[in-house]
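To start, the structure under review is shown below, and the notes come after it.
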Amino acid sequence: MIAFWILAPVMVIAALGLLFVRKAVHAALLLAVVMMSLAVLYAALEAPFLFAVQIIVYTGAILMLFLFVLMLVGVDASDSVVETIRGQRVLAAIAGLGLGLVMVLGLSQISLGTAVGLEDANSGGNIQALANILFSRYVFAFEVTSALLITAAVGAMVLAHRERLTPKPTQMSLAAQRMKDYAERGTHPGPLPPPGVYARHNAVDTPALLPDGTAAESSVSRVLAARGTVRSGPAMAEDIDEIQGTLSGATHAGRDAVAPATTTEVTPATGEDAE
């Protein structure tokens with residue numbers, strides 16, 4: 071009873087935290103507190119097998135899997151506000167009331183019925199007694215649960231498997247498709263210019279500058295363009311003006327350049343000049 075009065079408030083506070091915390095990672099950690107406290111209660115009730123299963127299977131495997139997925143994918147608090155299924159809050163409230171009614175009926179039967187001591191329940195050993203009840207009285211429920219778990223595993227495999235409807239393209243077919251697109255629509259068959267070509271920056275949000283000083287829109291990822299994080303023209307105005315000035319200066323210098331006078335070398339005459 072001492073362990074119950076110590077761990078019961080901890081479990082209630084952690085369970086309430088599951089409902090009111092804003093970050094999913096914190097909710098997963100609070101769920102770990104609830105599961106570990108429940109495991110300690112199993113140990114206090116002389117149920118070592120349930121204690122080990124609670125720690126190894128639920129806390130050590132399933133909960134860590136949830137936490138790993140949350141840390142890897144990430145869940146925003148604003149995602150939970152959007153109701154993706156119409157009427158899910160009403161259904162959740164009805165299901166919660168039904169679960170509360172079942173818990174009240176179960177607790178009333180336990181309180182009003184004749185209690186059986188732990189010594190009588192575990193007379194042949196805790197694991198042996200649990201196996202005897204599980205595979206004799208509740209064998210049908212055990213088999214149905216096993217079938218549901220197998221169905222869930224097969225469903226996950228089917229959803230994760232992607233059926234290929236078309237043959238896998240080869241390098242030759244891809245090259246032929248590029249040339250076909252070039253002939254029909256004028257699509258450039260070569261690789262697209264990467265960011266930073268003829269530019270002053272090599273960041274992925276900076277479009278490449280073509281030799282004439284214009285920005286190549288195809289050099290920036292479409293994702294960045296959709297997000298609106300591509301550097302705009304005014305931000306690149308100085309770089310573009312600098313490159314255009316350099317190009318124009320080099321062009322004028324090439325036109326106005328005078329060939330150096332030669333004193334010792336003589337240009338050989340061509341056939342037309344010789345005639």
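Under the numbering used here, the residues of the sequence shown are numbered 71 to 345, in order.
Heads up, the beta-carbon is just placed ideally off N, CA and C, and yes, glycines get one too.
Would DSSP call residue i helix, strand or coil?
| i | result |
| --- | --- |
| ALA117 | coil |
| LEU77 | helix |
| LEU86 | helix |
Between residue i and residue j, what straight-line distance do the alpha-carbon atoms span, to the nearest angstrom?
| i | j | result |
| --- | --- | --- |
| ALA211 | ALA217 | 10 Å |
| PHE118 | PRO239 | A small correction: the amino acid at residue 118 is Pro; Phe does not occupy that position in the sequence shown. Straight-line Cα distance between these residues: approximately 57 Å. |
| ALA199 | MET71 | 23 Å |
| PRO237 | GLN247 | 14 Å |
| GLU345 | SER318 | Low local confidence applies: a pLDDT of 44 at GLU345 is under 50, so the model's placement there is unreliable, with the coordinate-based value given in what follows. So the alpha carbons of these two residues sit roughly 41 Å apart. |
| PHE205 | ALA296 | 58 Å |
| VAL91 | LEU135 | 20 Å |
| ASP311 | VAL290 | 21 Å |
| PRO233 | ALA223 | The sequence as given places Glu at residue 233; Pro does not occur at that position. Near 18 Å, if we compare the C-alpha coordinates of ALA223 and GLU233. |
| VAL328 | GLY315 | Summary for VAL328: the model assigns pLDDT 48, below 50, so the residue's position carries little reliability, and this model does not support an answer. |
| GLY195 | ALA97 | 36 Å |
| GLY170 | LEU177 | 11 Å |
| LEU77 | ARG207 | 31 Å |
| GLN241 | PHE138 | 38 Å |
| PRO338 | ASP251 | Because PRO338 carries a pLDDT of 43, less than 50, the predicted location of this residue cannot be relied on, and the following value inherits that uncertainty. If I take the Cα positions, the gap works out to 50 Å. |
| LEU244 | THR257 | 14 Å |
| ILE203 | ILE197 | 10 Å |
| GLY168 | GLN158 | 15 Å |
| ALA230 | PHE74 | 43 Å |
| ALA286 | ASP275 | 12 Å |
| VAL209 | ALA84 | 34 Å |
| ALA162 | LEU175 | 20 Å |
| ALA131 | GLU254 | 56 Å |
| LYS93 | MET249 | 51 Å |
| GLY225 | GLY298 | 39 Å |
| ILE164 | ALA122 | 34 Å |
| MET347 | GLY166 | This structure gives no information on residue 347, because the portion of the chain shown stretches from 71 to 345. |
| VAL214 | VAL160 | 28 Å |
| THR221 | LEU86 | 32 Å |
| LEU219 | LEU235 | 30 Å |
| SER107 | ARG156 | 36 Å |
On a CA-only basis, which of the options is nearest residue i? Give me that one, please.
| i | options | result |
| --- | --- | --- |
| TYR112 | GLN124, LEU101 and VAL103 | GLN124 |
| VAL127 | ALA109, LEU140, MET249 and PHE138 | ALA109 |
| VAL95 | MET141, ALA296 and ALA131 | MET141 |
| LEU133 | ALA162, MET105 and PHE121 | MET105 |
| ALA201 | LEU120, LEU86 and THR284 | LEU120 |
| GLY260 | THR284, SER288 and LEU235 | SER288 |
Do residue i and residue j have their C-beta atoms within less than 8 Å of each other?
| i | j | result |
| --- | --- | --- |
| VAL300 | PRO277 | yes |
| VAL103 | VAL80 | yes |
| LEU115 | LEU100 | no |
Looking at the ligand COA, does it come within less than 7 Å of residue i, judged from the CB to the closest heavy atom?
| i | result |
| --- | --- |
| GLY315 | The ligand content of the structure shown is nil, which means the ligand COA is not present either. |
Quick one: which unbroken alpha helix (DSSP H) runs of 4-plus residues sit fully inside the stretch 187-263? Chain order, please. Runs found: 188-191, 196-204, 209-230 and 241-255.
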